[in-house]
Each structure stands twice: as C-alpha cells, then as structure tokens.
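Quick notes on the structure that follows.
Residue numbers (this note's numbering): 3 to 102.
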C-alpha cells in the first residue's frame, strides 16, 4: 500500500489523459465516457475526501478542488451502486469544504 499524497491527483489526471489519447480507447466512446465521467471523478473525489483524514491543509485541498472542479462534478449513474457511492462522497466533500 502506498503512502497518501495529494499530488497523486495530478498524476491520476495525466494518466487518464494519456489513456484517452490512445487510439483504441479514443475510438470507444463508452470507455472514454467511463474514464472521464466516472473514473477520473472518483479518483479526484476520493483522494480529496481522504486528504481531510490526513490533515492536509484546507488551502491545498481547496486549490485541488478548484483546479479539478469540472471533473469532480461530472454526474453519471452508469456504474450502478458505485456511482451512487461516488455521488454521496461528492456531497461529503462539499460538506467538509463548507464546514472546515
């Protein structure tokens, strides 16, 4: 298990961007949509919520939140229960940002 690091959000973002440039992935709109609308949103949201547990500075968390806001608020229910869990974590993230 790796150590928590909030800068992994940037690495996750660029990894997904590289995948999206792959011709095979790019051809399949279902995969592209899942990567952008669910996977990227989940990676960012879960890591930001975890950042509160690891006592990362609220300013740093807000900077990442603002930087990736457009990807956090992608909404989908294509992944069933996982999508519901993700959307609940988005609400939790907003709550944490508002009340800290």
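Note that CB positions come from ideal geometry on N, CA and C, so glycine has one too.
For residue 33 and residue 47, the rounded distance between their alpha carbons: Those two C-alpha atoms are separated by around 20 Å.
Three-state secondary structure (DSSP) of residue 89: Three-state result, residue 89: helix.
Helix, strand or coil at residue 4 according to DSSP, with G and I counted as helix: Three-state result, residue 4: coil.
Status (buried if at least 16 other CB within 10 Å, exposed otherwise) for residue 29: By the 10 Å Cβ count, residue 29 comes out exposed.
Reduced DSSP category for residue 75 - H, G, I as helix; E, B as strand; rest coil: Here residue 75 sits in coil by DSSP.
Beta-carbon proximity check, residue 40 vs residue 78, cutoff 8 Å: By the CB criterion at 8 Å, residue 40 and residue 78 fall inside the cutoff.
Integer Cβ distance of residue 51 from residue 102, believed to fall under 8 Å: Going by Cβ atoms, the distance from residue 51 to residue 102 rounds to 12 Å, so no, they are not a contact pair.
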